[in-house]
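Engineer: Residue numbers (this note's numbering): 756 to 1111. All C-beta atoms, glycine included, are put in the ideal place defined by N, C-alpha and C. First the structure, which I've put down as structure tokens, then a few questions once you've had a look.
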């Protein structure tokens, strides 16, 4: 059994002696809280030490790869520079380094630091798809599932997502659950889908938590259970997802559910609003206008929330903005604004009628 205290002590000693691998590893550990108390300040210090040591080291495929990650993700105090990251990864890729080829393929796939080129991404990732590299497996599977630089082939995608999942790639585990739920590349199987989602949820993968909540809400494979649904939605919200905060906050306020967690619901809605979640902003506007759930009526605040929700992209909030403008609810009458929002609401209505 590994003695973590001794291992950390050994890494610290190696870092002080100029070992960039030790510094980089310690930075990752403190960044993610792996076997140590998470400390972003300490993590940044070790990243900066590793960056200095890497620049002093003899250039190799490994140093190019690690330096590329600094510029790609902005590690420590290094500023992000996608083009510089790509240049470093390309040096390693040209020497057939698998890690660098994977990063270059990914850069071409999404146009990160280089012009987007799905065909080139697929060509490169096909070279390393069988090198037992979990990210290579996943990128190749992504190309096959979405038809990026190649034709869609769900069965081939499933094969490589499985290989990535066997190496504990959490995103691939989640995607396999989705494919089993939708019956793409495999026979539809809600039980297996749930099991994959559950496995990803153990790592607090946000969409997996949301999907399990959906299974419990609808009674898919598992017995319908609104308390379990709420439990997973809270975990989804606690990943930092504004969508999760809105959904969980909303169900806490639904009287028919009987959760009676009004204060908690308001807290999660406010947290979602701080992250500029338009639906939460709109709902909170309604609460301020009507003085619900123990909140004092504040019509000015209500109007401000309506207009903010609209500006954040929630077009239906225009109805409440117009109503407040016409009735001077939380705002003063403004003929020009009324006319502007009348046109907006009319256009929304016309679009709704056309869809119907």
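Taking 7 Å as the limit between beta carbons, can you name the residues of its chain near residue 1072, skipping five residues before and five after?
Structural biologist: Closer than 7 Å at the Cβ level, and outside the excluded window around residue 1072, lie 1037, 1061, 1064 and 1065.
Engineer: Identify the continuous alpha helix (DSSP H) that holds residue 1051 and give its terminal residues.
Structural biologist: Careful: residue 1051 lies outside any alpha helix (DSSP H) and carries neither H nor E.
Engineer: Measure the alpha-carbon distance for residue 933 versus residue 977 and round it to whole angstroms.
Structural biologist: Straight-line Cα distance between these residues: approximately 16 Å.
Engineer: Quick one: what does DSSP say residue 963 is sitting in, helix, strand or coil?
Structural biologist: The answer is helix: DSSP assigns residue 963 an H, G or I state.
Engineer: Check the C-beta distance from residue 713 over to residue 904 and give it rounded, since I have them as a contact under 8 Å.
Structural biologist: Outside the modelled stretch of the chain, which goes from 756 to 1111, sits residue 713, for which no answer is possible.
Engineer: If you pair each beta-carbon of the region 840–860 with each one of the region 791–800, do three or more pairs fall below 8 Å?
Structural biologist: The region 840–860 is not in contact with the region 791–800.
Engineer: I'd like the ranges of any alpha helix (DSSP H) spanning at least 4 consecutive residues and lying wholly in the region 867–939.
Structural biologist: List check, alpha helix (DSSP H) in window: 873–882, 889–901, 909–921 and 925–937.
Engineer: Flag this pair as yes or no: are the beta carbons of residue 889 and residue 924 separated by less than 9 Å?
Structural biologist: In contact: residue 889 and residue 924 (Cβ atoms closer than 9 Å).
Engineer: Would you mind working out which of 1046, 958, 994 and 1012 sits nearest residue 928, comparing C-alpha positions?
Structural biologist: Looking at the Cα atoms, 958 is the closest of the given residues.
Engineer: Work out the CA separation of residue 1031 and residue 966 for me, nearest whole Å.
Structural biologist: In a straight line, the C-alpha of residue 966 is about 23 Å away from that of residue 1031.
Engineer: For the alpha helix (DSSP H) holding residue 845, just list the boundary residues, first then last.
Structural biologist: That run of the alpha helix (DSSP H) goes 837–848.
Engineer: How big is the Cα-Cα spacing for residue 974 and residue 1056?
Structural biologist: Cα-Cα distance, rounded: 39 Å.
Engineer: Take every Cβ of the region 1087–1095, pair it with every Cβ of the region 1043–1053, and state whether three or more of those distances are shorter than 8 Å.
Structural biologist: Taking 8 Å as the limit for Cβ pairs, the verdict is that the region 1043–1053 does not touch the region 1087–1095.
Engineer: Just the Cα atoms here: how many angstroms apart are residue 1001 and residue 790?
Structural biologist: Cα to Cα, the separation comes out at about 33 Å.
Engineer: Which residue comes first and which comes last in the alpha helix (DSSP H) that contains residue 786?
Structural biologist: Element bounds for residue 786: 775–787.
Engineer: Just to confirm my understanding: we take residue 970, look at its own chain, exclude 5 residues before and 5 after, and list those with CB closer than 7 Å. What are they?
Structural biologist: These residues qualify, in order along the chain: 949, 976 and 977.
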